[in-house]
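Participant: Chains as they are written, first to last, in our numbering: chain A, 1 to 114; chain B, 115 to 229.
Below is the structure I would like to discuss, written out as structure tokens.
Structure below.
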């Protein structure tokens, strides 16, 4: 299957700092990527759709100024959690679809804000 | 609105038992895609299957099989002769035709296979 790589796998940061998470499609070009968030023992919830060369589309209730998304190339999308707080601690995972139908996921990033 | 329901929150079986994970979905799209993913404790999401709405054939892959029934809006997943390594959370998901891979996930079923 297609390969999507996410980095870092885990990160611990201090409250008030910003954290950047990268999502790369390694063997295909992705004009669209998706960012999900998963709290412990819960399902995955879509946060935003990352569009190459244009603004991201955010789901209702997701603060666009807090979760900055940049999709500057066809193989890379980044999610920056700005001014992180303990409630932002979660598992963040990205996905991309080589042909728009089969979604492949990155390894996920476990963010802990202390 | 689209919705996926996995009514079984947790299932516990003994190794070698067969187990079926239920998935019921709601959508108004005539063309859509259904998925199953496995999430082991490491957190990654492992793709298991994708099925489009026009293909109701059941599928078998080794010990895994899937039963898609549009009449009941269900896409159930059966593991035959379960093994301890099958222990994980399993998610059923739905994607509309024009959403380019954007997925709506069910709540997940945590499967525990005991030796």
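Glycine included, each C-beta is placed from N, C-alpha and C at the ideal position.
Output, in chain order, the set of chain A residues within a Cβ distance shorter than 9 angstroms of residue 221 (chain B).
Facilitator: The sequence position of residue 221 (chain B) within the second chain is 107, counting from 1. Here the neighbours are 42, 43.
Participant: Once DSSP output is grouped into helix, strand and coil, what is the label at residue 184 (chain B)?
Facilitator: Residue mapping note: residue 184 (chain B) aligns to position 70 of the second chain, counting from 1. Here residue 184 (chain B) sits in helix by DSSP.
Participant: Decide if residue 149 (chain A) is buried, meaning its Cβ has at least 16 other Cβ atoms within 10 Å, or exposed.
Facilitator: This structure does not reach residue 149 (chain A), given that chain A is present from 1 up to 114, and the question cannot be answered.
Participant: Which residues in the same chain have their Cβ closer than 6 angstroms to the Cβ of residue 3 (chain A), if we skip the five residues on either side of it in sequence?
Facilitator: In the first chain, counting from the first residue as 1, residue 3 (chain A) sits at position 3. Hits under 6 angstroms: 26, 27.
Participant: Roughly how many whole angstroms lie between the Cα atoms of residue 201 (chain B) and residue 127 (chain B)?
Facilitator: To locate residue 201 (chain B), count along the second chain from 1; it is residue 87. To locate residue 127 (chain B), count along the second chain from 1; it is residue 13. Those two C-alpha atoms are separated by around 10 angstroms.
Participant: State yes or no: is the C-beta of residue 77 (chain A) within less than 8 angstroms of the C-beta of residue 95 (chain A)?
Facilitator: Counting from 1 along the first chain, the entry for residue 77 (chain A) is found at position 77. Counting from 1 along the first chain, the entry for residue 95 (chain A) is found at position 95. No. Outside cutoff.
Participant: Based on the DSSP output, what are the partners of residue 45 (chain A) in its beta bridges?
Facilitator: In the first chain, counting from the first residue as 1, residue 45 (chain A) sits at position 45. A:37.
Participant: Could you check whether residue 56 (chain A) and residue 69 (chain A) sit closer than 8 angstroms to each other, using their CB atoms as the reference points?
Facilitator: Residue mapping note: residue 69 (chain A) aligns to position 69 of the first chain, counting from 1. Residue mapping note: residue 56 (chain A) aligns to position 56 of the first chain, counting from 1. Yes. Within cutoff.
Participant: What three-state label does DSSP hand residue 59 (chain A) in the structure shown?
Facilitator: Position 59 of the first chain holds residue 59 (chain A). Coil at residue 59 (chain A), not helix or strand.
Participant: Quick check: the Cα distance between residue 30 (chain A) and residue 146 (chain B), rounded to an integer number of angstroms?
Facilitator: Start at 1 with the first residue of the first chain, and residue 30 (chain A) comes out as number 30. Start at 1 with the first residue of the second chain, and residue 146 (chain B) comes out as number 32. When rounded, the distance between both Cα atoms is 20 angstroms.
Participant: Looking only at DSSP bridge pairs, what is residue 7 (chain A) linked to?
Facilitator: Here residue 7 (chain A) refers to the residue found at position 7 when the first chain is read from its first residue. DSSP, once it has assigned bridges, lists A:22 as partnering residue 7 (chain A).
Participant: In this structure, what does DSSP give as the bridge partners for residue 164 (chain B)?
Facilitator: On the second chain, position 50 is the one that residue 164 (chain B) refers to. Note: residue 164 (chain B) sits in a beta bridge opposite B:149.
Participant: With a threshold of 6 angstroms on Cβ separation, who are the neighbours of residue 217 (chain B) within its own chain once the five nearest residues in sequence on each side are excluded?
Facilitator: Position 103 of the second chain, counted from the start, is the residue given in the question as residue 217 (chain B). For residue 217 (chain B), where only same-chain residues beyond five positions count, the Cβ hits under 6 angstroms are 207, 209.
Participant: Could you tell me whether the Cβ of residue 107 (chain A) comes closer than 8 angstroms to any Cβ of chain B?
Facilitator: Position 107 of the first chain holds residue 107 (chain A). Interface residue, yes.
Participant: Kindly indicate which residue of B:134, B:148, B:133 has the alpha-carbon position closest to the one of residue 140 (chain B).
Facilitator: Counted from its first residue, the second chain places residue 140 (chain B) at position 26. Measuring from the Cα of residue 140 (chain B), the nearest candidate turns out to be B:148.
Participant: Would you report the Cα separation of residue 117 (chain B) and residue 132 (chain B), rounded to the nearest angstrom?
Facilitator: Start at 1 with the first residue of the second chain, and residue 117 (chain B) comes out as number 3. Start at 1 with the first residue of the second chain, and residue 132 (chain B) comes out as number 18. When rounded, the distance between both Cα atoms is 27 angstroms.
Participant: Using only the alpha-carbon positions, how far apart do residue 34 (chain A) and residue 23 (chain A) sit?
Facilitator: Working through the first chain from its first residue, we reach residue 34 (chain A) at position 34. Working through the first chain from its first residue, we reach residue 23 (chain A) at position 23. So the two alpha carbons sit approximately 9 angstroms from each other.
Participant: To which residues of the same chain is residue 98 (chain A) closer than 6 angstroms at the C-beta, ignoring the five residues directly before and after it?
Facilitator: In the first chain, counting from the first residue as 1, residue 98 (chain A) sits at position 98. Closer than 6 angstroms at Cβ, skipping near neighbours: 2, 28.
Participant: Since residue 110 (chain A) meets chain B, which of its residues come closer than 8 angstroms, beta carbon to beta carbon?
Facilitator: Along the first chain, one-based indexing puts residue 110 (chain A) at 110. Within 8 angstroms Cβ-Cβ: 157.
Participant: Bridge partners for residue 135 (chain B) per DSSP, in chain order?
Facilitator: Indexing the second chain from 1 puts residue 135 (chain B) at position 21. In DSSP, residue 135 (chain B) forms a bridge with B:191.
Participant: Counting only beta-carbon separations shorter than 8 angstroms, does residue 5 (chain A) have a partner in chain B?
Facilitator: Your numbering for residue 5 (chain A) matches position 5 in the first chain. Not one chain B Cβ lies under 8 angstroms of residue 5 (chain A).
Participant: What residue range does the beta strand (DSSP E) around residue 67 (chain A) cover?
Facilitator: As a position in the first chain, residue 67 (chain A) is number 67, starting the count at 1. Start and end: 67 to 73.
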